[in-house]
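Report on the structure given below.
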Amino acid sequence: ELEKDLRQKSSVLVAFYNWDKFDYENAFEILKDFGEKYKEEFNYLKKILKKDKNSGYETVFDLFSNAKKQAKLGYYDNAVARLYRALELFAQIRLKNEYKIETNSIKKSLNKLKNKEKREKKKNEKGEIKIGLESDYELLNELKDPIGKIYMENRNEFLNNIKIRNLSYLAHGNDPVKEEDWKSFLNFFEKFIKECCNGIGIKWEEVNLPKKI
1075 ELEKDLRQKS SVLVAFYNWD KFDYENAFEI LKDFGEKYKE EFNYLKKILK KDKNSGYETV
1135 FDLFSNAKKQ AKLGYYDNAV ARLYRALELF AQIRLKNEYK IETNSIKKSL NKLKNKEKRE
1195 KKKNEKGEIK IGLESDYELL NELKDPIGKI YMENRNEFLN NIKIRNLSYL AHGNDPVKEE
1255 DWKSFLNFFE KFIKECCNGI GIKWEEVNLP KKI
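Counting in the working numbering, the sequence shown runs from 1075 upward without gaps.
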């Protein structure tokens, strides 16, 4: 009985370890055997994997939870990098779900845009037009999306906070992120994304993985 219990705990630990690495599929395959015991976590994982009714933004909220975990361990560069990616992902999901625009190459969507010529100039050698974080939100504003409007209202604070990531050691800078910079980015992110969620009728929903098995 003890051996069986230890095996089960070991499996659950592996599942949550995979989850922490964003390996959702493998986490799901293990956790489905323990769905009753870890019902909240398992149901949320189903939403992330689109196996259940979802908002489509669960990966953003999961990145947020993961970032906070990194910060608790003192890994502020890792934490800020995750928040930056979550900001980017939030806009990408909105563009894809609402407007069928893929930001890794918007060439097919040019006819939907006003500033077509401006973006055509950004073609790479493969003829692709890729856009980044700021351009994602500017595009949402151009499309008169509520998120674009909220971005414009908070633009200065938005740009000031993403500088924290851009100047970090893991991005383009030479200095590690300080705790106060992390807290600034965290507070802005939470305020901004919650306002965006309200603007498009999405419920902010996150789950914290258990500290003890």
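Glycine included, C-beta positions come from ideal geometry on N, C-alpha and C.
Check each candidate in the options and name the one with the smallest Cα separation from residue i.
i                  : options                            : result
aspartate 1151     : Asp1136, Pro1250, Ser1258          : Pro1250
leucine 1283       : Ala1141, Ile1221, Ser1258          : Ala1141
phenylalanine 1116 : Glu1208, Lys1285, Val1281          : Val1281
lysine 1286        : Leu1163, Glu1212, Phe1090          : Phe1090
tyrosine 1243      : Asn1234, Tyr1112, Arg1168, Tyr1149 : Tyr1149
tyrosine 1173      : Leu1161, Gln1144, Lys1218          : Lys1218
lysine 1268        : Leu1169, Ala1160, Ala1145          : Ala1160
asparagine 1171    : Ser1129, Glu1208, Ala1145, Phe1232 : Ser1129
lysine 1252        : Ala1245, Glu1208, Ala1145          : Ala1145
asparagine 1240    : Glu1114, Glu1208, Lys1095, Trp1093 : Glu1208
leucine 1133       : Glu1176, Gly1109, His1246, Phe1096 : It should be pointed out that residue 1133 corresponds to threonine in this sequence rather than to leucine. Closest by alpha carbon: Phe1096.
Using a threshold of 7 Å, state whether the C-beta atoms of residue i and residue j are closer than that.
i                  : j                  : result
tyrosine 1098      : leucine 1123       : yes
leucine 1119       : phenylalanine 1102 : yes
phenylalanine 1266 : isoleucine 1238    : no
glycine 1206       : leucine 1214       : no
alanine 1165       : aspartate 1107     : no
tyrosine 1131      : isoleucine 1276    : yes
isoleucine 1224    : cysteine 1270      : yes
alanine 1167       : proline 1220       : The sequence as given places isoleucine at residue 1167; alanine does not occur at that position. The answer is no: Cβ separation not under 7 Å.
Determine the extent of the alpha helix (DSSP H) in which residue i is found, giving its start and end residues.
i                  : result
threonine 1177     : That residue, threonine 1177, is in no alpha helix (DSSP H); it is neither H nor E in DSSP.
alanine 1141       : 1132-1146
proline 1220       : 1220-1227
alanine 1101       : 1098-1105
glycine 1273       : 1253-1274
tyrosine 1211      : 1207-1216
phenylalanine 1108 : Premise fails: phenylalanine 1108 is in no alpha helix (DSSP H) and is neither H nor E.
leucine 1244       : Leucine 1244 -> no alpha helix (DSSP H), and no H or E assigned at all.
leucine 1076       : 1076-1094
leucine 1119       : 1113-1122
Given that a residue counts as buried once 16 or more other Cβ atoms are within 10 Å of its Cβ, and exposed if not, what is residue i?
i                  : result
leucine 1178       : A quick correction: the sequence has asparagine, not leucine, at residue 1178. Looking at its Cβ environment, which holds fewer than 16 other Cβ atoms inside 10 Å, asparagine 1178 is exposed.
arginine 1156      : buried
phenylalanine 1263 : buried
lysine 1121        : buried
asparagine 1230    : exposed
leucine 1080       : exposed
lysine 1078        : exposed
glutamate 1162     : buried
glutamate 1075     : exposed
leucine 1233       : exposed
phenylalanine 1135 : buried
leucine 1169       : buried
If residue i and residue j are in contact, beta carbons under 8 Å, what's the gap, nearest whole angstrom?
i               : j             : result
tryptophan 1256 : alanine 1153  : 6 Å
isoleucine 1236 : tyrosine 1158 : 6 Å
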